[in-house]
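Undergrad: For reference, each letter of the sequence shown is one residue, going 7 to 315 in the working numbering. Sending over a structure as structure tokens; questions will come in a sec.
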Amino acid sequence: MKYTLPTRRELITLIACIVAFLSLTGIFIGLRPEHIFLVLLYIVLFYASPYTRKLAVALLPFAIFGVSYDWMRVYPNYMVNDIDVAGLYNAEVQYFGITIDGAKHTLCEYFAQHHWPIADFFAGLFYLCWVPVPIAFGVALLLQGKKELALRFAIVFLLVNLIGFAGYYIHPAAPPWYAIQYGFEPILGTPGNVAGLGRFDAMVGMDIFAPMYGRNANVFAAVPSLHSAYMPVAFTYALIGRSKKWVIATFSVIMLGIWFTAIYSGHHYMIDVLLGIACAGAGILLFEQGLMRIPAFRRFIARYTAYIS
């Protein structure tokens with residue numbers, strides 16, 4: 007592909023987006039190194055080659071996802087609705103609790119007391135896949151020439167996140183580790199907690215999950231479990247795109263592993279996981295059976311696909 011500079015329109019759009027992003031983020035959240043890295047990455051991709059420019063635009067939904075999550079700091083969900091700690095815990099005990107010595111407990115409480123090195127190790131590996139694997143899958147679709155499918159997958163990934171974020175505001179809720187550590191009274195400003203994933207960090211001798219959860223935008227955003235939503239989306243589009251059997255099999259193992267880890271590590275209840283799966287299904291159906299049936303939206307997808315092709 008012959009090298010060409012970005013067009014004037016592309017350059018103006020890029021500059022406008024960067025200025026708006028840096029200004030709004032700096033004013034309402036405060037700039038961090040990762041914000042600068044994202045901006046520099048997009049500048050490099052836009053100028054490196056026409057191919058990387060198209061790649062940057064194709065992966066834009068993933069960037070919007072990251073920015074949207076970060077910007078929830080501007081107006082936290084607990085300022086919209088009350089935080090649920092006890093109600094969610096009691097519902098989990100009622101529907102999915104297990105009886106130990108005559109008393110009912112959540113699975114998370116059981117695993118907080120009963121855990122095994124082999125499970126800790128694989129739990130860490132599975133949870134490391136939650137975002138990198140879907141993004142890698144999206145890039146792989148692009149490299150395989152499946153431009154429209156890659157775009158549909160990326161937009162559904164973003165849509166599922168937006169649905170999940172709406173759930174955070176509709177029903178702010180504490181994760182299991184919060185109830186175990188702090189009880190049922192909401193305490194604003196509570197820092198993120200690595201919970202059971204800290205055992206993986208200790209096992210490998212590196213702080214992998216601790217920094218991630220230390221930068222958590224809001225600990226009262228456990229419902230639905232978006233960790234549990236991403237791989238069902240990737241798995242579905244692997245089926246739609248007729249991916250190789252080993253890819254589909256790998257995705258199914260990772261998907262089940264993440265669902266297990268969400269509960270085993272104390273980050274989510276079974277209810278959160280099931281709602282996360284439902285969130286993935288809702289996003290896929292809304293896009294494929296709703297938005298894609300709207301002529302204007304189909305034309306938008308066609309133009310978007312043509313640009314990145």
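Glycine included, every Cβ here is placed at the ideal spot set by N, Cα and C.
#1: Between which two residues does the beta strand (DSSP E) holding residue 104 run?
#2: Would residue 98 and residue 264 qualify as a contact pair, given that the criterion is a beta-carbon distance under 8 Å?
#3: Tell me where the beta strand (DSSP E) around residue 110 begins and ends.
#4: Starting from residue 77, follow the alpha helix (DSSP H) in both directions and report where the run begins and ends.
#5: How is residue 228 classed by DSSP in three states: helix, strand or coil?
#6: For the region 179-189 and the region 249-264, state whether three or more C-beta atom pairs, one from each stretch, are separated by less than 8 Å.
#7: Quick one: residues in its chain with C-beta nearer than 8 Å to the C-beta of residue 177, no 5 flanking neighbours on either side, listed in chain order?
#8: Give me the residue from 112, 194, 57 with the minimum Cα distance to residue 149.
#9: Helix, strand or coil: which one does DSSP assign to residue 90?
#10: Would DSSP call residue 179 helix, strand or coil?
#11: May I ask you to verify whether the region 53-73 touches the region 156-172, counting CB pairs closer than 8 Å and requiring at least 3?
#12: Buried or exposed: which applies to residue 237, given that a residue is buried once 16 or more other Cβ atoms fall within 10 Å of its Cβ?
#13: Can you tell me whether residue 309 is helix, strand or coil according to DSSP?
#14: State the CB to CB distance for the pair residue 165 and residue 293, rounded to an integer number of angstroms; the pair is presumed to be in contact (CB under 8 Å).
#15: Give the straight-line distance between the Cα atoms of residue 272 and residue 22, rounded to the nearest whole angstrom.
#16: Please classify residue 294: does DSSP put it in a helix, a strand, or coil?
#17: Does the region 276-291 come within contact of the region 137-156, defined as at least 3 CB pairs closer than 8 Å?
#18: For the alpha helix (DSSP H) containing residue 238, name the first residue and the last one.
#19: Just reading off the alpha helix (DSSP H) that residue 124 is part of, what are its end residues?
TA: According to the data block:
#1: 104-106
#2: no
#3: 109-111
#4: 66-77
#5: coil
#6: no
#7: 87, 90, 229
#8: 57
#9: strand
#10: strand
#11: yes
#12: buried
#13: helix
#14: 6 Å
#15: 42 Å
#16: helix
#17: no
#18: 233-246
#19: 123-133
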